Amino acid sequence: MQLPDQLEFSCPVKLLYGRRALEHLPYEFGARNVRRPLLLSDEDAVRENRMRALTDALRASEIELGAVEPPAQGIDLDLVHELAAIYRDRDHDALLVMGGGALMDLAKLVNIVVSTGQDDPAGFGASNGIAQRLKPMALIAPAAASGGEASGHVKADRIELQSIHLMPDLAVIDERTVGAPDQKAVLNAGLTALAFGVEAMLGAKRNPMVDIYAANAVQMAMAALQSAAEMPVALTTRMLTASATVMAGCILAGKAPGKLHRLGTCLAATGRLSFSEALGVLLPAAVTLEAHKHGRVPARLLSALMGLERSSGTPVGQRSLLAATALMSLLNDLYRLTEGRLPRNLRDAGFEPDDLAAVCAAFDETAGDGDQDAAMVMLQQALDGKPNQSGC
Amino acid sequence: MALTYREIKPGRKPFKRTYLTVMLWVMGRAVQAASRVDREVMQEVSELPDGFAFALGIVARGPHMVLAKREDGRLHYLGQQLDAAESPLRLEFKHLESGFLTFTFQEKTPVAVARDRLVVDGEAAYACAVVRILDRVQVYLLPKPLAKLAVKRYPRWPFIMKCYNRTRIYWRTLLGY
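Those sequence lines, one after another, are chains A and B. Note that the first sequence covers residues 190 to 581 in our numbering. Note that the second sequence covers residues 76 to 252 in our numbering.
What follows is the structure, given as structure tokens:
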């Protein structure tokens, strides 16, 4: 194994997974001197009565909860300030989030405000501007996650921040609180985790520690995506998806998002497909492009995607082709399974060749690192889902 | 839209707490009895340092059983209060529910350890000795089908020896000596 000259890896998230994992929460809170967490829950958690499992797990402990259900529509600073005021006035000492996506972003912003005393989180700057540890935060991870819950990223309205301190201290995955979302939500979460994992294994900043997390996230996401055909989605699949998204968040940590992530954001901004769908469509292209750049893809990526036996029987020169093919055939299967609701390529999402330049320009604006040529190659390949053998 | 804030006081689990209190009381007295009856337990206890004390229970304010080794080389049951002994080795379940799973034999002790439900505060080598003692006591106390659920491997002991020791341990547990 070749070790890089210098590497950095940090993961402050403690994962509590499995049967009755919620029961560990009072002990973990006790270890962090938490007595009165403020619970933020989303509509799904309330509708599916997941709160009951939580209160049951906290019974016979010293923990007292305050609970708020913030509205589902977007995050604005007034809402953040209102929640911060509740946190302070009611003497809370930690945040507990039951749900994912925007709710977790909201909790991260509230945590910045209550921990630092700064009313405008945007003042910290986009990258690693938060120098201090924040209040303890625990995530009760759902299966229908956005993938960024356990990461150190927050994106809301005009605010975009990255810091290792934004990662939750605890992530709990319990069969009673993982939720019962519809098939598409589980597939979206799985695709996001898969994309984060694959990008981490291809990226320039990969190191042995990142590889371990990423390979596991890819394996779990692949297993979840392949078994999500059952209806209703099986509990094991939902648990796998939740674990994969938490691991994906840990990979992302507080680092700047990669090319695939940024291009996916630009595609999603067009409104024709979701962020996870965009990542899925771009994945084969990303693998092909990286293979052309570096000559091959890591063996570990292929084994995570297709299993050790098939990976070890594949010559080095065929790995990239096989990895891209595995991803393309996965997308085709998901397209068939969802009766066309999950796109295989950009055309399925309604894109035409003329639309790509605008997406590429938007990418250039956000990145500004001269990567727009690579972005255009990826978009062109993703348009028809056709492997670009030349890589340029 | 105004946010609705609710205070939630999760409450107690009186039945499970009472059950565990009774189980730990019986277990504590049975360990005390076994340290006078069973040769293996006597041997384990003799290798523990003088004045050694341990507590098994539930974290925070949950029920406990506290035992200590006295000058006579035997274990003595000191009651349910943690302050009954000075800085005992603590084997504690993280949650009342975790203790309940183990003490109702839904989950074996090694499985509970594997699922990270138990914490040990003290010397790990002594904790292993205590677990071995507890395993033997459970085999004496429980009928075979239940004991099989509680311990990792059910031992093969001579039938007469098991019945004789079991009777003595039951008797001593009831009378508390």
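Ideal Cβ placement from N, Cα and C applies to all residues, glycine included. Please read all numbers here as calculations on a predicted model, not as lab measurements.
Residue i burial status per 10 Å Cβ neighbour count (16 or more: buried)
i	result
histidine 483 of chain A	exposed
asparagine 375 of chain A	Looking at the sequence provided, one finds valine at residue 375 of chain A rather than asparagine. Valine 375 of chain A comes out buried.
glycine 368 of chain A	buried
asparagine 238 of chain A	exposed
tyrosine 402 of chain A	buried
methionine 236 of chain B	exposed
tyrosine 239 of chain B	exposed
glutamate 115 of chain B	exposed
lysine 575 of chain A	exposed
methionine 567 of chain A	buried
alanine 475 of chain A	buried
glycine 289 of chain A	buried
cysteine 549 of chain A	buried
serine 304 of chain A	buried
glutamine 307 of chain A	exposed
glutamine 262 of chain A	exposed
threonine 477 of chain A	buried
methionine 420 of chain A	exposed
aspartate 537 of chain A	buried
threonine 248 of chain B	buried
leucine 424 of chain A	exposed
Backbone CA spacing between residue i and residue j [nearest angstrom]
i	j	result
glutamine 156 of chain B	alanine 128 of chain B	13 Å
leucine 204 of chain A	aspartate 194 of chain A	29 Å
serine 416 of chain A	threonine 426 of chain A	7 Å
leucine 471 of chain A	alanine 327 of chain A	32 Å
cysteine 581 of chain A	threonine 514 of chain A	Low per-residue confidence applies at cysteine 581 of chain A: pLDDT is 42, beneath 50, and the placement is therefore not dependable, though the value from the model is reported in the following sentence. Cysteine 581 of chain A and threonine 514 of chain A: Cα-Cα distance of roughly 19 Å.
leucine 221 of chain B	leucine 99 of chain B	17 Å
tyrosine 206 of chain A	alanine 546 of chain A	44 Å
methionine 428 of chain A	arginine 533 of chain A	25 Å
leucine 497 of chain A	valine 486 of chain A	15 Å
valine 269 of chain A	alanine 256 of chain A	15 Å
histidine 450 of chain A	alanine 187 of chain B	40 Å
glycine 443 of chain A	leucine 196 of chain A	15 Å
leucine 350 of chain A	methionine 140 of chain B	50 Å
arginine 39 of chain B	arginine 211 of chain B	Given a span of 76 to 252 for chain B in the structure shown, any question on residue 39 of chain B remains unanswerable.
proline 310 of chain A	valine 343 of chain A	10 Å
aspartate 267 of chain A	isoleucine 301 of chain A	14 Å
glycine 379 of chain A	aspartate 191 of chain B	27 Å
arginine 231 of chain B	arginine 207 of chain B	15 Å
glycine 506 of chain A	methionine 411 of chain A	23 Å
aspartate 358 of chain A	valine 226 of chain B	34 Å
Where residue i meets chain A, residues with beta-carbon distance less than 8 Å
i	result
alanine 187 of chain B	Per Cβ cutoff of 8 Å: no residues; alanine 187 of chain B is ~11 Å from chain A at best.
tyrosine 80 of chain B	Gly255, Ala256, Val257, Ile275, Arg279
serine 173 of chain B	Arg209, Glu212
arginine 114 of chain B	Under the 8 Å cutoff, chain A gives no residues; its nearest Cβ is about 37 Å from arginine 114 of chain B.
arginine 25 of chain B	Residue 25 of chain B is absent from the structure shown; chain B starts at 76 and stops at 252.
Coarse secondary structure for residue i, derived from DSSP in three states
i	result
alanine 360 of chain A	strand
glycine 580 of chain A	Note on glycine 580 of chain A: pLDDT 45, under 50, position unreliable in the model; no value is reported.
alanine 512 of chain A	helix
valine 223 of chain A	coil
lysine 237 of chain B	helix
arginine 149 of chain B	coil
arginine 243 of chain B	helix
glutamine 82 of chain B	Correcting the residue type first, residue 82 of chain B is glutamate in the shown sequence and not glutamine. Strand.
tyrosine 206 of chain A	strand
valine 226 of chain B	coil
valine 286 of chain A	strand
lysine 373 of chain A	helix
Neighbouring residues, chain B, relative to residue i (Cβ below 7 Å)
i	result
arginine 248 of chain A	Pro85, Gly86, Arg87, Lys88
proline 215 of chain A	His170
threonine 244 of chain A	Ile83, Pro85
Where residue i meets chain B, residues with beta-carbon distance less than 8 Å
i	result
glycine 219 of chain A	Val134, Ala135
isoleucine 139 of chain A	Here chain A comprises residues numbered 190 to 581, so residue 139 of chain A is not present and cannot be evaluated.
glutamate 271 of chain A	Leu78
Within chain A, partners of residue i - CB distance below 7 Å
i	result
arginine 190 of chain B	Gly207
arginine 111 of chain B	Within chain A, no residue comes near arginine 111 of chain B; the closest Cβ sits about 34 Å away, beyond 7 Å.
Neighbour list for residue i in chain A, Cβ cutoff strictly below 9 Å
i	result
lysine 183 of chain B	By Cβ distance, chain A contributes nothing, its closest Cβ being about 14 Å from lysine 183 of chain B, past 9 Å.
Inside the segment 166 to 213 of chain B only - beta strand (DSSP E) runs reaching at least 3 residues
193 to 196
Check distances from the C-beta atoms of the segment 158 to 172 of chain B to those of chain D and list, in chain order, the residues that come in under 7 Å.
Here chain D cannot be found, since the structure's protein chains are A and B.
Please specify which runs of the beta strand (DSSP E), each continuous and at least 3 residues long, are wholly inside the segment 296 to 361 of chain A, giving them in chain order.
326 to 329, 342 to 345, 348 to 351
What runs of the alpha helix (DSSP H), each 4 residues or longer, lie entirely inside the segment 411 to 455 of chain A?
424 to 441
Report the start-end ranges of each alpha helix (DSSP H) in the segment 78 to 139 of chain B that is 4 residues or longer and not cut off at the edges.
89 to 112, 114 to 121
Fully enclosed by the segment 235 to 270 of chain A, which beta strand (DSSP E) runs are 3 residues long or longer?
254 to 257
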